[in-house]
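First the structure, in the form of C-alpha cells, and then the observations on it.
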Amino acid sequence: MNLRASRGRPGRRASSPAAPADHDAAAPSRDEHRLYVVAIGASAGGLDALEKLFAALPPDTGAAYVVIQHLSPDHKSMMASLLARHTAMPVIMVEDDMPIRANHVYLIPPGAIMHLDGAHLRLTPKSPRAFTLPIDVFFQSLATHYGDHSVGVILSGTGSDGTRGAGTINEAGGLLIAQDPDNAKFDGMPRSVIATGLVDAILPVEQIAQRIVAHVTNQPVPLPADALQPLVHTASGPESAMAGIMHLLLQAGGINFEDYKPGTVTRRIERRMAVRQIGSLESYLILLAQDRNELQTLRRELLIPVTSFFRDADAFDALRKQVIEPIVNGKGVGEAIRVWCAGVSTGEEAYSVAMLFLEAFEAAKRWPNLKIFATDVDQTNLDTAAAGTYPESIMAEISAAQLERFFVKRGNQYTVKTELRQCIVFARHNLLTDPPFTKMDLVVCRNTLIYFRNDAQERVLRRLQYALAPNGYLFLGSSESLGNLHTDFRTLSARHKIWQVVRPTTMPLDLGAGKGVGVMPPIYSRRPAAPRGRGAHSAVELGYQTLLKAFAPPPAILVDAGHEPLHFYGDVKRFLELREGEASLEIGRILPEPLIPVAAALLFKVARENASASADPVRLPLEPGGPPRLVRLSAWPVGEVEGQRLTLLVFEEVHAAAGAQPPTIDLPSETSERIEVLEHELAATRESLQATIEELETANEELQATNEELMASNEELQSSNEELQSVNEELNTVNAEYQEKIDILNRINADLESLAKVVASGTVFVDEELRLTRFSPDASAIFRLRDSDIGRPLSDLNHVLDYPDLMRDLRAALDNGTPLEKSVTGAGGRHYLVKMLPYRIPSSASRGLVVSFIDTTSIHEASRLQDILDALAEHVAVLDEHGRIVMVNQAWRQFAQANGDPELRHSGPGTNYLEVCRVGPGVADADFARRASEGLRAVLEGRLSHFTMEYPCHSPDEERWFVMHVRPLAGETHGAVVSHVNITAWVRRARADAAPQ
Numbered sequence: 001m002n003l004r005a006s007r008g009r010p011g012r013r014a015s016s017p018a019a020p021a022d023h024d025a026a027a028p029s030r031d032e033h034r035l036y037v038v039a040i041g042a043s044a045g046g047l048d049a050l051e052k053l054f055a056a057l058p059p060d061t062g063a064a065y066v067v068i069q070h071l072s073p074d075h076k077s078m079m080a081s082l083l084a085r086h087t088a089m090p091v092i093m094v095e096d097d098m099p100i101r102a103n104h105v106y107l108i109p110p111g112a113i114m115h116l117d118g119a120h121l122r123l124t125p126k127s128p129r130a131f132t133l134p135i136d137v138f139f140q141s142l143a144t145h146y147g148d149h150s151v152g153v154i155l156s157g158t159g160s161d162g163t164r165g166a167g168t169i170n171e172a173g174g175l176l177i178a179q180d181p182d183n184a185k186f187d188g189m190p191r192s193v194i195a196t197g198l199v200d201a202i203l204p205v206e207q208i209a210q211r212i213v214a215h216v217t218n219q220p221v222p223l224p225a226d227a228l229q230p231l232v233h234t235a236s237g238p239e240s241a242m243a244g245i246m247h248l249l250l251q252a253g254g255i256n257f258e259d260y261k262p263g264t265v266t267r268r269i270e271r272r273m274a275v276r277q278i279g280s281l282e283s284y285l286i287l288l289a290q291d292r293n294e295l296q297t298l299r300r301e302l303l304i305p306v307t308s309f310f311r312d313a314d315a316f317d318a319l320r321k322q323v324i325e326p327i328v329n330g331k332g333v334g335e336a337i338r339v340w341c342a343g344v345s346t347g348e349e350a351y352s353v354a355m356l357f358l359e360a361f362e363a364a365k366r367w368p369n370l371k372i373f374a375t376d377v378d379q380t381n382l383d384t385a386a387a388g389t390y391p392e393s394i395m396a397e398i399s400a401a402q403l404e405r406f407f408v409k410r411g412n413q414y415t416v417k418t419e420l421r422q423c424i425v426f427a428r429h430n431l432l433t434d435p436p437f438t439k440m441d442l443v444v445c446r447n448t449l450i451y452f453r454n455d456a457q458e459r460v461l462r463r464l465q466y467a468l469a470p471n472g473y474l475f476l477g478s479s480e481s482l483g484n485l486h487t488d489f490r491t492l493s494a495r496h497k498i499w500q501v502v503r504p505t506t507m508p509l510d511l512g513a514g515k516g517v518g519v520m521p522p523i524y525s526r527r528p529a530a531p532r533g534r535g536a537h538s539a540v541e542l543g544y545q546t547l548l549k550a551f552a553p554p555p556a557i558l559v560d561a562g563h564e565p566l567h568f569y570g571d572v573k574r575f576l577e578l579r580e581g582e583a584s585l586e587i588g589r590i591l592p593e594p595l596i597p598v599a600a601a602l603l604f605k606v607a608r609e610n611a612s613a614s615a616d617p618v619r620l621p622l623e624p625g626g627p628p629r630l631v632r633l634s635a636w637p638v639g640e641v642e643g644q645r646l647t648l649l650v651f652e653e654v655h656a657a658a659g660a661q662p663p664t665i666d667l668p669s670e671t672s673e674r675i676e677v678l679e680h681e682l683a684a685t686r687e688s689l690q691a692t693i694e695e696l697e698t699a700n701e702e703l704q705a706t707n708e709e710l711m712a713s714n715e716e717l718q719s720s721n722e723e724l725q726s727v728n729e730e731l732n733t734v735n736a737e738y739q740e741k742i743d744i745l746n747r748i749n750a751d752l753e754s755l756a757k758v759v760a761s762g763t764v765f766v767d768e769e770l771r772l773t774r775f776s777p778d779a780s781a782i783f784r785l786r787d788s789d790i791g792r793p794l795s796d797l798n799h800v801l802d803y804p805d806l807m808r809d810l811r812a813a814l815d816n817g818t819p820l821e822k823s824v825t826g827a828g829g830r831h832y833l834v835k836m837l838p839y840r841i842p843s844s845a846s847r848g849l850v851v852s853f854i855d856t857t858s859i860h861e862a863s864r865l866q867d868i869l870d871a872l873a874e875h876v877a878v879l880d881e882h883g884r885i886v887m888v889n890q891a892w893r894q895f896a897q898a899n900g901d902p903e904l905r906h907s908g909p910g911t912n913y914l915e916v917c918r919v920g921p922g923v924a925d926a927d928f929a930r931r932a933s934e935g936l937r938a939v940l941e942g943r944l945s946h947f948t949m950e951y952p953c954h955s956p957d958e959e960r961w962f963v964m965h966v967r968p969l970a971g972e973t974h975g976a977v978v979s980h981v982n983i984t985a986w987v988r989r990a991r992a993d994a995a996p997q
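Per the UniProt record's numbering, residue 1 is the first one in the sequence shown, and the count goes up by one each step.
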C-alpha cells in the first residue's frame, strides 16, 4: 500500500516508523524486515501473567522477547527455569553485551539495569541508593534503536514504572499493550500507563499473545465490506482520503495538520492503521468518520504529548548559567520577569524552568515577580499540566532536593507545591494561528518546530521573535535552528540552542496564516462564516473615550479578583499612599489607612452580591499639610474577562455646602469627660487588640514551623514507605518464584511417591550422616520403618538382611561418590540386590545416598530351576498357557543347535510350540505332528491330564525315535512341561530281540 498525502506528497511504506522526539533524521533504520523486539515489563504478581503469556506465544514469531522485572539483588532469580516450562523458546539470563536474536526470551538479571545498544543487550550495576526504573530505562532505549519495530507490554505490578518509557515507544511509532487492570493481580502499573492515553490495546493477559503475533507478522484485517458502503463515495484514492482525514482533524480540534511535516503525519496515520489492523487509507478515513474516539486518539498522537522534566539536562544547565541567572541579577525588587513556554504538553518543561528561576532567586537573595505563561494547543494536556500531578517515575528526572522543595508525595504520585504552581499561568494557544505574547524576557519552545514544515517553522519563529523584549532570550530544542532569522540573534550556545535577540522582527506577523485547508472532498465541505469587521467596534470605542474625556468622570481604579490594579482612571494619585516595606500593588498596600477597611468591605460585598455599593464619607487629607476632606468610596461590578471578575473602585470628593461653617456643638462637661474616657478606652482596646493580633501571629508562625516539621517528617515517612514498597515488590517477585518452585517440588514429590509405590522395591534416602530422610512403603518390610523414624541414623534401625557390612558399604559409596551393588540374603531365604547411588545437590554442598533393596528371590528360584533342568538328559521345555516356550534346558538347546537351529529362532523361548507342531499334508511324519499338536492343546486347555506319544525323528545320517510327554504345570500358573526322551537305543534293542535268530 502506498499512502500519498494531498498536494502530491510522496508516499511511504506502512512499515516506516514515526518521527522521533527530536528530528526525522534521527529515526532508526526503516528496514521493514528488521527484527521486532517485544519488551515486557512486570513487577508484583507478574509471574503468573508471564507464564500465561509465554504459554500462548508460538515459538516461531520471528520476534525477540525481553522481560524486565523488579528483582531483589540479594536473591538468585529462578525465572529462567520457571518460564522455560511454558515456552519452547530458549530462555536466557542476560549477560553484558549479549546479542539479541529472534525467537529467544531474555531476562534481566538481579541487581542490574538493562538497555539496548544496537543489537546488543547491555548491563550496568543498579545503585543500591539511587531510585531507578528499569522498565522505563529499557523502553526508552528500545524506542531509540528499534523505532516502530518496538513493542511494549505492561503486565501486573505496583507503582508507575514503564509509564514514561511507554511514551517514548509511542512517539517512535511502536505498539503499546497494557494488561487489563481487572485481569491483573496488581493494577498499579497497568493503570498508570493507561492513564497516559497512549496505550494501543488493553487486553486480558490471555489475549495479549494473539495481539503481539498479529502485529509482528503484519496481519491486517480490513473493514468488512458492508462498513465501506455508506461513505465509499467520499474518497476516490489515497490523496482524497488524506485530505479527508486532514479535514476531520481540523473539525475535531481546530488544528490544521497541513502545516506539519507530511512524513510525520503519514507515519502516525500508518501507525494507527497498523494498530487498528486496517489495510487501506480509504478504510481508515471511514473509521475516523464513524469513531470519534479513534479520531481523538489520532489527533493526540499527531501532537506527540511526550516530554519530561529537564529533558536534556546539559541544555537546562546552560540555560540556568547563561540566561536565568543574568535575568535574575538584572531585575530590581518588584520588577516582573516574563517567560513564555510554548508547546509545553503536560507541563514538565514549564515547571522545570520555574524551578530554575526559584532556585536562582534563592541563590541571589532577590525575589522579582515571576510570571510564566505556559501554552499548548491541546486542552487535555493543559488540564494535566494545571493539575501538576505526576507519577513517581519523575524521581528519575528530578533531584532529591528539588523533589523535597517543590513537590508533595501523595500516594504513588507527586504534586507540585503552591510556591511553584502560582508562578505559572496555563493557557491554550496555537503557535501557528494565535497572536503571540509580548515583552518576554525568555521564550522557550523546544522540540515543537521539528514537526512543522519549513514555511510554518519560519512563521512560528517570527512570532517568537516578536514576543521577545529587547535583549530577550530564545531557547529551542536540540535539533532546531533559527533558519533565516539567524542574523537577528546573537548565539549564546550553539550546542544547546540558546540565542539572544539583537533586533526586533523585521517582517509583519501573518496572523491569519495556517488557518485554511487544502482541497477537501465534497462531502466534508462547509461554508465559512463571514469575517467580522473591526471598523464599527473601533468607532464605538472611540465614541466612548470622547464622552469620558468630555464629562470628566471621577478618579477610579480597575482591580481584578486578586485585588490588584489593572488600570487607573483620572487623577487617582491624590487618593493613594505608598508606604515603606515590600513593594506590592495590592489595593490594601496603596490606599491610605482610613480607606483600607472601607475598600475591603466594599470589594467583599460586590463579589458576594454582584451589585454596586457605596460607603459613608471618610475624612482624608488630600494635600500635604492641608485640611482633611470628605471622600466617599464606591465599588461597581464590571464583569468577567478571561475568567477573572473585575471591579471598579470610584473615589468621590464630597464638598460641603457653599458658605457653610462646621456646626458648633456645645456639650456638657460630663459628656465631654465621658467621650474622653471612651476615647482612652478605645485606644487601650486597640492596643490590646494589636497585642492579641501580634500574639496570634506569633502563634501562627509557631504553628507554621510545627507544620513544616510535620511535613518534613511526613516526607521522610513517605520516603521510607517508598523504600518499603520497593522491597515489598521485590519480595513479591521472589515469593512468586518460590511458590512456583514449591508447586514444582510438590509435583515431583507426588511423582516420587507414586513411583515408589509402583516399583516393587524398597528404597530409602539417607543424608551425608547416614540419617534417614525418606523411604518407600516396601522398605518397611526390610527395616520395619515408621514415619517417626525420619531423621534417625540408619545404623540404629533393625533390618532382616544378612548384611553385616551394610553401614561400611554405605559410607564407602558416599565418600567415593561411586555407585555400589551387592547381592545379599535375608530372612526366610529371600534374596536381595542392594544398589547404592550417591548424589550431590548442585546448589549446595549437601550429599546423600539412594539405597534400593530389590527382591531377587524369584530370579534366584528361576535360576535354580534352570540348573535342575539343565542337569536332565531329556529335552525339556516349559510352555505358557498359549503354547509359547518360556524356558528350555541345555539338552533341548544342544539338540536344536545340532539340527539346523543354532540361534534357537524356531525352537527357543518366545516360539509358539503349537505352530512348530503344525505342518502341512504330504509332509513326512505329518500325522505324528498333528497328533502332537492336538495332544498338547488338550493338555493346555485342561481336557487331558497328560499326553504321551512315541514318534520317529530321523536325521539324514541315522534313524531316531523319541517319546513325547506333556504334563500341565502345577499351581495357579497355567502352562505345560514338554519333554522329549530319546528311545532310539531301546527301539534298536527291541528290534534286535524281535529279529529271527
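Cβ atoms here follow ideal geometry from the backbone N, Cα and C, with glycine treated the same way.
Check, Outcome
"Run through the DSSP bridge pairs and tell me what Val618 is partnered with.", "Val631"
"If I follow the unbroken beta strand (DSSP E) through Asn381, where does it start and stop?", "Note, Asn381: premise wrong, no beta strand (DSSP E); alpha helix (DSSP H) at Gln379 to Ala387."
"For the pair the region 397-405 and the region 429-439, tell me if three or more CB-CB distances fall below 8 Å.", "no"
"Does the region 311-328 come within contact of the region 258-269, defined as at least 3 CB pairs closer than 8 Å?", "no"
"For the region 170-182 and the region 193-213, state whether three or more C-beta atom pairs, one from each stretch, are separated by less than 8 Å.", "yes"
"On a Cα-Cα basis, can you pick out the residue from Ala55, Thr264, Ser43 and Leu602 that is closest to Lys185?", "Ser43"
"Please state whether the Cβ-Cβ distance between Val766 and Leu837 is less than 7 Å.", "no"
"So Arg366 packs on Val333, CB below 8 Å; how close in whole Å?", "7 Å"
"Could you tell me whether the Cβ atoms of Ser156 and Gly244 are closer together than 7 Å?", "no"
"Can you tell me whether Ala995 is buried or exposed, with buried defined as 16 or more other CB within 10 angstroms of its CB?", "exposed"
"Once you ignore the five residues that flank Gly512 on each side, which residues in its own chain have a CB closer than 6 Å to its CB?", "With a pLDDT of 46 at Gly512, under the threshold of 50, the modelled position of this residue cannot be trusted; read the value that follows with caution. Answer for Gly512: no residue qualifies."
"Going by the DSSP bridge assignment, what does Ile40 pair with across the sheet?", "Val67 and Val153"
"Can you grab the Cα-Cα spacing for the pair Pro58 / Met89, in whole Å?", "9 Å"
"Taking just the CA atoms, how far does His86 sit from Arg34?", "27 Å"
"Tell me the rounded alpha-carbon separation between Val275 and Leu71.", "32 Å"
"For the alpha helix (DSSP H) that Met440 lies in, which residues bound it at each end?", "Unbroken run through Met440 is the beta strand (DSSP E), Met440 to Cys445; no alpha helix (DSSP H)."
"Determine, using beta carbons only, whether Pro118 and Pro73 come nearer to each other than 7 Å.", "Looking at the sequence itself, residue 118 is Gly, so the reference to Pro does not match. Their beta carbons are not under 7 Å apart, which means Gly118 does not touch Pro73 by this criterion."
"Looking only at its chain, what residues have a beta carbon closer than 8 Å to the beta carbon of Val306, apart from the 5 residues adjacent to it on each side?", "Ala21, Gly167, Thr168, Asn170, Glu171 and Ser345"
"Less than 7 Å separating the beta-carbons of Glu586 and His563?", "yes"
"May I ask you to report which of helix, strand or coil DSSP gives Cys917?", "helix"
"Leaving out five residues on either side along the sequence, give the residues of the same chain with a beta carbon under 6 Å from the beta carbon of Ala374.", "Cys341, Val344, Ala350, Ile424 and Phe426"
"Mark Asp161 as exposed unless 16 or more other C-beta atoms lie within 10 angstroms of its C-beta, in which case mark it buried.", "buried"
"State the DSSP-derived secondary structure class of Tyr260, mapped to helix, strand or coil.", "strand"
"Is DSSP giving Val650 helix, strand or coil here?", "strand"
"Taking only the alpha-carbon atoms, compute the straight-line gap between Gly483 and Glu458 and give it to the nearest angstrom.", "7 Å"
"Can you say whether Ala985 is buried or exposed, counting buried as having 16 or more other CB atoms within 10 angstroms of its CB?", "exposed"
"Does the beta-carbon of Phe604 have 16 or more other beta-carbons within 10 angstroms, so that it is buried, or is it exposed?", "exposed"
"Considering just the uninterrupted stretch of the beta strand (DSSP E) at Arg410, what are its terminal residues?", "Phe407 to Arg410"
"In chain order, what residues of the same chain have a beta carbon less than 7 Å from the beta carbon of Leu814, not counting five sequence neighbours either side?", "Glu768, Pro838, Arg847 and Leu849"
"Does the beta carbon of Met89 sit closer than 7 Å to a beta carbon anywhere in chain C?", "Here chain C cannot be found, since the structure has a single protein chain."
"According to DSSP, is Gly588 part of a helix, a strand, or is it coil?", "helix"
"Apart from the five residues on each side of it in sequence, which residues of its chain come closer than 6 Å, Cβ to Cβ, to Arg792?", "Leu772"
"Which residue marks the beginning of the beta strand (DSSP E) containing Arg495, and which one marks its end?", "First-last for Arg495: undefined, no H or E at that position."
"Within the chosen definition, does the region 865-877 reach the region 972-992 through at least 3 CB pairs nearer than 8 Å?", "yes"
"By Cβ distance, which residues of its chain are closer than 6 Å to Pro181, with the 5 residues on each side in sequence left out?", "Asp187, Pro190 and Arg191"
"I think Pro594 touches Val618, with their Cβ atoms under 8 Å apart; what is that distance to the nearest whole Å?", "5 Å"
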